[in-house]
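Asker: Sharing a structure here in structure tokens format.
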Amino acid sequence: MDRIMMTYAIAYVATAVVFFGLDYVWLSRIAIGFYRRHIGDLLLATPNFTAAGLFYLFYIAGIVYFAVLPAVSGGGWLTAVAGGALLGLIAYGTYDMTNLATLKDWSITVSIVDMAWGSFLTAAAATAGYFAATRLAS
7 MDRIMMTYAI AYVATAVVFF GLDYVWLSRI AIGFYRRHIG DLLLATPNFT
57 AAGLFYLFYI AGIVYFAVLP AVSGGGWLTA VAGGALLGLI AYGTYDMTNL
107 ATLKDWSITV SIVDMAWGSF LTAAAATAGY FAATRLAS
């Protein structure tokens with residue numbers, strides 16, 4: 007495997023582990039009561055794990071491409087933080103603003119919290135991907 011592919015693979019795995027780990031704790035332990043209070047009638051009894059898995063696969067690739075690789079290519083860790091935060095705000099904002107525009111009982115409070123979470127989560131995962139790629143791929 008050449009260096010570029012190794013860097014991408016390491017970045018992808020590290021980004022995925024951090025993103026999934028933090029999101030799992032957030033969704034299953036920290037914020038579950040918040041979501042139930044605000045949008046409980048809209049939640050499935052059991053999440054659609056196929057859809058969630060596809061989201062994680064695609065979104066992690068986007069984080070690596072748009073935030074981690076520019077940081078690895080010379081931007082540094084602050085590029086990973088800023089790129090991740092911006093990507094998180096855009097991606098989660100797209101979801102939340104679409105829900106506000108189209109769903110009768112969607113909560114503005116959920117949108118604000120969700121967009122902040124998406125920004126933080128994506129920035130943290132991108133930064134982890136950056137540090138793993140720069141330390142392990144060299």
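Residue numbering for the sequence shown follows my numbering, starting at 7 and increasing by one per position.
Using N, Cα and C, we set each Cβ at its ideal position, and we do this for glycine too.
Note that this is a predicted model, so its numbers are computed, not measured.
Between residue 138 and the rest of its own chain, which residues show a CB-CB distance below 6 Å, the 5 nearest in sequence each way excluded?
Answerer: 16 and 20.
Asker: I need the straight-line Cα distance from residue 119 to residue 104, nearest angstrom please.
Answerer: Computed Cα separation, rounded: 15 Å.
Asker: So what does DSSP say about residue 79, is it helix, strand or coil?
Answerer: In this structure, residue 79 counts as helix in the three-state DSSP scheme.
Asker: For residue 126, collect the residues of the same chain with a Cβ closer than 8 Å to its Cβ; drop the 5 residues on either side in sequence, then sort them by chain order.
Answerer: Excluding residues within five positions, the ones whose Cβ falls inside 8 Å are 91 and 94.
Asker: Under the three-state reduction of DSSP, which class applies to residue 100: helix, strand or coil?
Answerer: DSSP places residue 100 in helix when its eight states are reduced to three.
Asker: How is residue 111 classed by DSSP in three states: helix, strand or coil?
Answerer: In the structure shown, residue 111 sits in coil (DSSP, three-state: anything other than H, G, I, E or B).
Asker: Report yes or no: do three or more beta-carbon pairs, one from the stretch 69-78 and one from the stretch 19-35, lie closer than 8 Å?
Answerer: Enough Cβ pairs lie closer than 8 Å, so yes.
Asker: Report, in whole angstroms, the separation of the C-beta atoms of residue 85 and residue 77, which I expect to be a contact under 8 Å.
Answerer: Right, the Cβ-Cβ distance comes to about 4 Å (below 8 Å), so this counts as a contact.
Asker: Can you grab the Cα-Cα spacing for the pair residue 117 / residue 34, in whole Å?
Answerer: So the two alpha carbons sit approximately 18 Å from each other.
Asker: Cutting at 8 Å between CB atoms, please list the residues of its own chain near residue 44, excluding the five before and the five after it.
Answerer: 113, 115 and 116.
Asker: Between which residues of its own chain and residue 29 is the CB-CB distance below 7 Å, once the five residues before and five after are set aside?
Answerer: Once the five neighbours on either side are set aside, the close Cβ partners of residue 29 are 127.
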